[in-house]
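Asks: My structure is below; once you've seen it, I'll send some questions.
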Amino acid sequence: MSDAQALVVDLKRPWKHGEHVDACGITLDEPLILDRLEVRGLDLSGAVLNGGISAVGTTFRGLAWMRGSKISGVCDFTGAHFRTDFRADNLEAEAVLLRDCNLQGCLSLAGSKLKSLTLQNALVMANLTLQGADIVGAVNLKEAEIMGGLWTTQARLGSLSNRHAEISGRIQLTGF
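Here is the structure:
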């Protein structure tokens, strides 16, 4: 069984409040495929995912952390459902896809280095933090609803598309 397969088996165990899979610093050369699964809490902080991650339609029941992770290839969370925060501060990745997803907590990408970010038609029930992020391409917020504010202080964004987006709360659109 590969390391990615063993991780998926552990993630599929029943969720219990306060428990999570500690995969900090793991290196995976094969893709991590979580598509359409219901997974318990996961800490991938400092992980190196050389084969990318696909979590299309996945439900993250517990914490979802990818702080300081490096992802090569696909980083696709399209249609995912996050029951708590998705914390990916200092993430390094190419295209991060969060289209049509539902985040019941905050989305923190502070200090991240990305080629692009798509949150089209996403629902973020808390804040979206891009503070200090370096996103060289497009940030797509078209038709997204962000209920807790948007922070971009000291961020460098290639472009921002927010047509028909609804953003409530504190908004800081500075630094780009």
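Note that the working numbering numbers the sequence shown so that position 137 is 142, with each residue one more than the last.
Where a beta carbon is used, it is the ideal one built from N, C-alpha and C, also for glycine.
Remember, predicted model here, so these are calculated numbers, not experimental data.
Anyone know if the C-beta pair for Asn-126 and Asp-105 falls short of 8 Å?
Replies: yes
Asks: Can you give me the Cβ contacts of Ser-7 inside the same chain, cut-off strictly under 7 Å, excluding the 5 residues immediately before and after it?
Replies: Glu-35
Asks: Ala-100 lies in the beta strand (DSSP E); which residues open and close that run?
Replies: 97 to 102
Asks: When burial is assigned at 16 or more other CB atoms within 10 Å of the CB, is Asn-55 buried or exposed?
Replies: exposed
Asks: What does DSSP give as the partner residue(s) for Ala-69 in the beta ladder?
Replies: Its beta-bridge partners are Leu-47, Phe-91.
Asks: Do you know offhand how far Arg-88's Cα is from Ile-172's?
Replies: 20 Å
Asks: Going straight from the alpha carbon of Ile-31 to that of His-169, what length do you get?
Replies: Rounded to the nearest angstrom, the two C-alpha atoms are 39 Å apart.
Asks: What's the C-alpha gap between Gly-46 and Gly-116?
Replies: Gly-116 has its alpha-carbon roughly 23 Å from the corresponding atom of Gly-46.
Asks: Helix, strand or coil for Gly-39, going by three-state DSSP, please let me know.
Replies: As written in the sequence, residue 39 is Leu, which differs from the Gly given in the question. Leu-39 falls in the coil class under three-state DSSP.
Asks: Helix or strand or just coil, what does DSSP make of Ala-143?
Replies: strand
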